[in-house]
Structures are given as structure tokens and as C-alpha cells.
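Below you'll find the structure, written out as C-alpha cells, and then a few comments.
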Amino acid sequence: MLFLLTLTVLMLILFYELYWKRRNYPPGPIPLPIFGNLLEIAKAPPGYEAFRKWRKDHGSVFTFWLSFKPIVVIADFDQMRETIVKDGDKFTDRFSFEDFNRFIRGGLYGILTSNGEIWREQRRFTLHTLRDFGMGRNLMETRIMDEVDDLLDRMDRLKNDLNVQKEFGVSVGSVINSVLFGYRFDEQHLHEFHFVKKAIHQILAAEANPFFLVGVAFPRVHQKNHENLNVLFEFIGRQIEERKKTIDFETEDYEDFVECYVKEQIKKKGKENEEFYCNDQLKNLVLDMWVAGMETTSNALNWAICYILNHPEVQEKIHEEFDRVIDSDRKITTNDKNLLPYLNAVVSEVLRFANLLPQNLMRVTVEDTIIAKHLVKKGTAVMPQIGTILYDEKIFPNPHQFNPDRFINADGFKPVFIVADYETIKESIIKEGDKYSDRYVFKEFNEVLRGGTFGLISSQGDLWREQRRFTLHTLRDFGMGRNLMEERIMIEVEPLMERMAQQKEDIFMQKEFDTAVGSIINNIVFGYRFDEQHLDEFELVKKALRHMIVAGTNPIFILSATLPFIRGWPIFRGIYSEVLANNQILFDFIQRQIDNRRKNVDFDTEEYDDFVECWLKEQRKKKGSIHEGYYTDIQLRNLVFDIWIAGMETTSNTLTWAVCYILNYPEVQRKMHEELDRVIKSDRKVTLADKNQLPYINAVVSEIQRLANLLPQNLMRLVTEDAVIKGYKIPAGSAVMPQIATILYDDKIFPDPYILKPERFLNPDGTFKTYPELVPFSVGKRQCPGEGLARMELYLFISNIFQRFKLTATELPSMKKDMGQVVTAKPYFCNVEERH
1 MLFLLTLTVL
11 MLILFYELYW
21 KRRNYPPGPI
31 PLPIFGNLLE
41 IAKAPPGYEA
51 FRKWRKDHGS
61 VFTFWLSFKP
71 IVVIADFDQM
81 RETIVKDGDK
91 FTDRFSFEDF
101 NRFIRGGLYG
111 ILTSNGEIWR
121 EQRRFTLHTL
131 RDFGMGRNLM
141 ETRIMDEVDD
151 LLDRMDRLKN
161 DLNVQKEFGV
171 SVGSVINSVL
181 FGYRFDEQHL
191 HEFHFVKKAI
201 HQILAAEANP
211 FFLVGVAFPR
221 VHQKNHENLN
231 VLFEFIGRQI
241 EERKKTIDFE
251 TEDYEDFVEC
261 YVKEQIKKKG
271 KENEEFYCND
281 QLKNLVLDMW
291 VAGMETTSNA
301 LNWAICYILN
311 HPEVQEKIHE
321 EFDRVIDSDR
331 KITTNDKNLL
341 PYLNAVVSEV
351 LRFANLLPQN
361 LMRVTVEDTI
371 IAKHLVKKGT
381 AVMPQIGTIL
391 YDEKIFPNPH
401 QFNPDRFINA
411 DGFKPVFIVA
421 DYETIKESII
431 KEGDKYSDRY
441 VFKEFNEVLR
451 GGTFGLISSQ
461 GDLWREQRRF
471 TLHTLRDFGM
481 GRNLMEERIM
491 IEVEPLMERM
501 AQQKEDIFMQ
511 KEFDTAVGSI
521 INNIVFGYRF
531 DEQHLDEFEL
541 VKKALRHMIV
551 AGTNPIFILS
561 ATLPFIRGWP
571 IFRGIYSEVL
581 ANNQILFDFI
591 QRQIDNRRKN
601 VDFDTEEYDD
611 FVECWLKEQR
621 KKKGSIHEGY
631 YTDIQLRNLV
641 FDIWIAGMET
651 TSNTLTWAVC
661 YILNYPEVQR
671 KMHEELDRVI
681 KSDRKVTLAD
691 KNQLPYINAV
701 VSEIQRLANL
711 LPQNLMRLVT
721 EDAVIKGYKI
731 PAGSAVMPQI
741 ATILYDDKIF
751 PDPYILKPER
761 FLNPDGTFKT
771 YPELVPFSVG
781 KRQCPGEGLA
791 RMELYLFISN
801 IFQRFKLTAT
811 ELPSMKKDMG
821 QVVTAKPYFC
831 NVEERH
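Okay, so the sequence shown: first residue is 1 according to the UniProt record's numbering, each after it adds one.
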């Protein structure tokens, strides 16, 4: 009887373990009671092999058991893209063991383990703060370079038997602490770094044990880990309290992340989300930034040195590229990134080969969803298993071999040929324009941001030629260079000056110019201004555009856009997701505008009021013709995007620089007023008809365009057939960059190039002098099609503002440049005084 009872119980257990509990999940390895599948992971730590074997046996989607918890694993990139990326909202929550986290962390705090509204709020705040704090701009680069210089000096002093792991740990930790608390780990604070490093190492070492996960169900088992975390939290708490003592709460400026957070904490007091900004949340947030920021970066750097030492041929190729491109002992900056393809390939291969996360952090489905035809219920844990993808031999042949060449294009190493003097540009890119008419594009980057090589800026071949022809023809017919366009600009000049007259003091010129120029563009594109009724639309577009421009120079985003397999990693996921979200906001807005415009188009007449109406009519005409494929909705969305980004950012920033420079050179403003008083002789508006009589105003506009020098790097061209530049043979398919920025600061053409000197554009008799080398709108076939509009805007805004006002500043604006895809001025304010 006892035997039968035992046998029955055993059979029931087997039935439950082998079938019943697994019946509603994708098939996977058979779990053991209590342990689940952890023993298989423990056989070959850290677990790569177990997941690879399970994928081979059960397919790209399978279930493994973490003790009593089923985990649905996605181990295929295409499947991951279809679910985690495209249906991202269904997988935003983190799968967390609540009792464990309450015991270890004090609650579901931080970013790594929080969910729902608190996670969304804290992620938004963190991304916003890091971006404002300089992420992706030169401020963050400066902080990193401070540590690079210090590290290189230490290495130079030590020379032999360097403990690279220790050196990288200190440097990366110092960058993070500078961001968090505002100070570096110099000699005075080095003991703090060692304390933090040791505590984090002990915590991570404990959590790396597969059997650690069994104890998750029994939090008290982890008493030692709890004690280690408490010591770390006490240290972080003391640092926060020390930082609070020195915060100036009278200003909204901040020097570091914690200062910004504490100020936000005070703002949120008494509001509905006050509890999102508690001290426990801040301590956990700091911990998460330490763990995610230091361990991943410092370990990737350690592996980089390890692999390169084991592959001396890789180091030789790195040095060869440096010697060819950098050609001196200067420091390498992010501006050099696009010119160093082999170095980028090495970085990418290190990230792939190091494969730092054997198991990715788990998500939880927030609603029922389908994964590879399997219904996965709400509340199920899902693991995007990046580690398996990085060693997928279908994507990366010979995955266990360190091979940076896999990240070089199939047609081989492609240097970027830079042409940096005007005469050579004229002889090649202008005179042989057809050879340089195509754009050199990064296809993966464009797939992510645009859905392909569409629009004007990124398109090539016949599509580009057809769209450029249409755009130039439409803008010309629409009044480019004629009084119709002048009227549209003056409609914005007048309300801008009225706002300035009303405010009188502390006018934020960047915002004013943005609104005015954005309104002109929207009027041209969609047929209406950004008046009070539509101002919220402008703010939405402007914010999304700014975020995307900043992201465009962020190495983290560039890597994640071109290397799909790293997009899910903690250090890349946030930036990548944010850019995609802003991109979606912008393109959704554009599509809504197009759809609304389409409803009101009268297709029975060939007349049109705006660019989109004209394009939609052309789209209908081309239906059924060989050019139908050039007039798709995705092409129109990208074309509108290009007009926005090229038309607003350049003009608005040039106008902002104009006021900045003129405030710093009062004698220039005095001469402008003198000429305006002599020629205009009243308080009337300045028009295009006055242009030839205002040589000094024209000289100021030209000099501002030269000195502002908005594009640090010009967009690259693709050589469509073999070419010769200055005796060098350039093979078809090469990238060529006409480096206009160098020409605009060439002291042989423009002596004292860093000084505002409008007189350089005047002949001895006072007439306006032209320079063929002044080419801010680029050259050749890819010259900006909106050049005429931009020149008109600059002339009409600058002349009319200084005709009406005298501008002063309580504090002179800085002339230092914030670097990005477009150079911007630091924020400043000015005052105005009526002249008439």
C-alpha cells in the first residue's frame, strides 16, 4: 500500500513537472524540482553554453525554469526585433523578485528593478538630466578626456607591469563619480573608490553564482549580501547628505546628477508623484548607475587590452590607421570617429566577443502577447538572450575568433578622403560634380532613423536627382528669391520684433529665432504659421529635433544604430530607445500633417499654396509611371524632415550667433546703425530692394556665416566613378568630404579668422566684396537647395532688428561653441532699446 502511494505521488510529481506546469509555455529543457534548469547552467558557467545548446535543441524561443519560475527566452535577433523592439510597450516592465528586492534594496527602487510609473518617471528624469548635463556633447567628452589624460600619465610613469584592470577601474569610476557627485577620484578620494569597488565586486560575485537564484525565493539566505549592500547604501547616503549641505537652492543650475535630483525632489514635494523622489529611490538610482556604468565599461576596456595583446596584428592595424588619419601626437576626439573605421571595428568586435552579460535581465509581459506563435500570458518573465546572438555563427561566422574585419564593409577598408582647400574643391567637386553627386551613407543608421535612404540629404542616384529637381523647381515657383517669399519672411520678422519690444529685457534670442524661422518653414511646407493656436506643435517639433541632433553625435547611439546586437544592453538601451521615441514623435507629427493636408487638397487644379500640396499633386500625376516609386509617403515624410532640419537649425543658429557676436563687438553694431540711418533714413522696414545699398549689413551677414561655421564636419559624398584629386587616384565607392569648415577659417584667405571683421567683405571704396571661398551652403551638386531662402532670412531679420533696436546685454554672451552636428551658441539673454 505504501509502495503504491509513493509510486502514485511520484507519478503525479513527474506528470506535473514534465507536462502540466510546462503545457502553456514554449517547449524547452526539462526542469528538475526546486532547481529548475540551474544545474545545467552551473555545469559550464557563466551559462553561455547552456543557452546555446537549448537554442539548438528547442529553437529560437524556449522556456527554462529558474527554480519554480518559468522564463521565456528569445535567442534570435529577428524574433527579438519583432517582439521586444517593435512591441516594446508590452515588455517595458522588469521581472523582479519583490520579496528579494524589498529585503535587499528596501523596495522596488532604482531603474534596474523598478516598474510602472516610478520606472518611467525615473528613466525620463535620468535621461533628461544626463542629456542636459552634456551626454553626447563636448561637456561629457571633456570630463572623459580629463580621465584619459590622467590615465595616460600614470601609464607613462609606470611603464612596466601595469595592472590595467585597476587603472581602468579608477578612471571609469572617476568619470561616474564626477557625473554623480561632482568630483573626481583623485589622490584625496581614492580610498572612496576602493571602498565602492570592493563592495560592488562582492555583491556581483555573489549574484554570479547560479545557485544564488535558487535563494531568491528565500531572501534571508542572502543575509551576507544584504549586509554588503547596507554598507554601500550607508556610504551613498553619507555622500548624498554631504552634497546636500553645499547645494545652492536659489538657482536651478546644477553641477552634478545628485544636485539636480535633490532640487527636483524639492519641486515634487506635495505633488502626486512626490514618492517617486524619496531618498531610498535616490540611493538605489546611484547604485544602479554605479553598477551599470562602471562594471560594463571598465570590463569592456579590460577585455579590449587583453584581446589586442593576444592579436598583435590588430594593434599594428590600429597604429597604421592612427598614423594615416591623425598624423600627429594630438589627442583623438569624437570628431575623428567617422574617420577611423578600423578603430570602430575593433571597439565593436570587443563588445561582441567579450559578451559581458551571460544572462540578460528579464522583462515581464504587461499584457498577453504572441511570441513566435506562442501565446505568452501577462506577467510572464521574458529574457532577450543577447549573449546567444553575439555568438550566432549565422550572423558572425567563426564567432569564437576575434576578428574586427567582420565590421569592415565587404568591399574592404574605406578611408574618408578629405578635401580641405578651395582650389582643390573647385577642380574636383565643382567641376566634376557628377562624380561626387551621391551621398556616402551608413545604411543601418538610415534604416533606424528614416526607414531607408529617403529624403534629400540621405538619398542617392535617380531618386535623389528626381526629388532635388522637384524641390528646386517647386521652391523657385513658390517664390524663392522673389517678393512672395520676402512677404512670408516679413510676416515673421514683424511679430518677432513686437515680442522683443514688449519684453525689452532678458530676451532669450535662441527661442525667439527658433519660433520665427520654424514658422516660415511650416508656412512653406504646410501652408500655415506657428501662431498662438499652433505654438504647441512647434514646441513638439523643436524638442524632438533637438534631441535627435544631440543623439546624432552621441557615440553610444551611433554604435547602437549600426550594431543591432548591442541595442538591448543597459548602457545602450536607454539612449537608443529615447532617440527612436523622439524620431517616432517627429515622423508621426509629419504624417498627421500630411494626412490633414491631403484631405483639403483640390486635385482638380494645378495651383498650390504650399510644398506638400504640390508634392501630393505630383504624386498623383506619377501614378502608373516609371517614377511612381519616387513619390511614396515615406519619401515625403523624409523630405519634409530634411527641409525642417536643414532649414531651421542652420538659419536659427546663424541668427543666434549673429546677435551673440554683435553684442561682443559693439563697434560693429555702431557701424550697422550708421549705415541704416544714412540709407533708410526713417523707421520703415528694410526690404530686399535696399540690399545693394547696404554693403556693411551684407558684410556683417557674410562674416557671421563664416565665423559661426556651423558644420564641424560636412556630409560625405560617394565617388561614383574613379577620380583623381591632386594627383591621388580615388577609387569608385570611396567617401570624400569637402571640409568647408577648414576653408572658412583658412588664414591665407581670411586673416585673423577667429575675429569678427566684417570689413574683410568690403572693397576699398566701401562696396561689398564677394569671396568664392565663402561656401557655408556647401558646393557642387549637393549644395543646399534652400540657400536662397536662408540668405534672404538672414538679411531681413538682421537688418530689420538692428534698424529698429539697439541691443545690449547685462552679461556679454560667451562665444565658446557647443559642438554637435550643428555648432550652437551657449544660452544668453539680451536687452533692447527702441532707436526711433
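Using N, Cα and C, we set each Cβ at its ideal position, and we do this for glycine too.
Compare the Cα-Cα distances from residue i to each of the options and report the closest residue.
i	options	result
Arg324	Glu259, Asp392, Val416	Val416
Asn664	Val719, Lys757, Gly727	Lys757
Thr687	Thr605, Val668, Phe797	Phe797
Glu486	Glu82, Thr654, Val822, Ala790	Ala790
Glu349	Arg406, Lys394, Glu264, Ile305	Arg406
Asn228	Thr251, Leu204, Thr246, Phe185	Leu204
Asn698	Arg684, Tyr109, Phe761, Lys826	Phe761
Lys726	Tyr422, His547, Phe95, Leu158	Tyr422
Thr720	Glu432, Ala420, Val179	Glu432
Ala689	Val823, Phe442, Met792, Val376	Met792
Leu559	Trp303, Asn446, Asp477, Met294	Asn446
Met737	Lys617, Asp156, Asn596, Asp438	Asp438
Gln275	Gly110, Asn596, Ala544, Asp595	It should be pointed out that residue 275 corresponds to Glu in this sequence rather than to Gln. Checked all of Gly110, Asn596, Ala544, Asp595; the closest Cα to Glu275 is Gly110.
How big is the Cα-Cα spacing for residue i and residue j?
i	j	result
Ile430	Tyr436	9 Å
His189	Thr334	29 Å
Met648	Asp132	21 Å
Phe538	Gln239	41 Å
Ser814	Asn101	48 Å
Gln401	Asn310	11 Å
Tyr631	Thr651	28 Å
Trp65	Phe35	8 Å
Asn355	Val61	20 Å
Phe322	Glu313	14 Å
Asp146	Thr474	51 Å
Glu498	Lys267	34 Å
Arg330	Arg352	29 Å
Glu242	Val541	40 Å
Pro358	Tyr48	6 Å
Leu707	Tyr745	8 Å
Pro827	Ser625	50 Å
Thr605	Arg592	23 Å
Met362	Glu444	27 Å
Trp569	Asp602	50 Å
Lys816	Cys830	17 Å
Glu259	Thr129	11 Å
Tell me, to the nearest whole angstrom, how far the beta carbon of residue i is from that of residue j; I am working on the premise that it is less than 8 Å.
i	j	result
Thr113	Arg105	7 Å
Ile645	Gln385	Rounded, the Cβ-Cβ distance is 37 Å, inconsistent with contact.
Val700	Met672	6 Å
Thr296	Val72	Incorrect: roughly 25 Å between the Cβ atoms, too far for contact.
Asp462	Val525	Incorrect: roughly 24 Å between the Cβ atoms, too far for contact.
Gln739	Ile418	5 Å
Ile743	Glu773	6 Å
Thr471	Pro785	5 Å
Quick one: using the 10 Å Cβ neighbour count with 16 as the cut-off for buried, is residue i buried or exposed?
i	result
Val724	exposed
Met140	buried
His249	In the sequence as displayed, the identity of residue 249 is Phe instead of His. Under this definition Phe249 is an exposed residue.
Gly169	buried
Tyr254	buried
Met135	Bear in mind that the predicted position of Met135 carries a pLDDT of just 48, short of 50, making it too unreliable to give a figure here.
Arg717	buried
Asn398	exposed
His547	buried
Pro695	buried
Gln502	exposed
Ser178	buried
Tyr728	exposed
Does any C-beta atom of chain C lie closer than 7 Å to the C-beta of residue i?
i	result
Arg102	The chain inventory of the structure shown lacks chain C, comprising one protein chain alone.
Is the stretch 88-97 touching the stretch 391-407, taking contact as three or more C-beta pairs under 8 Å?
no
If you pair each beta-carbon of the stretch 495-511 with each one of the stretch 577-592, do three or more pairs fall below 8 Å?
no
At least 3 beta-carbon pairs within less than 8 Å: the stretch 635-642 vs the stretch 451-460:
yes
How do the stretch 766-781 and the stretch 799-819 stand: do at least 3 beta-carbon pairs fall below 8 Å, yes or no?
no
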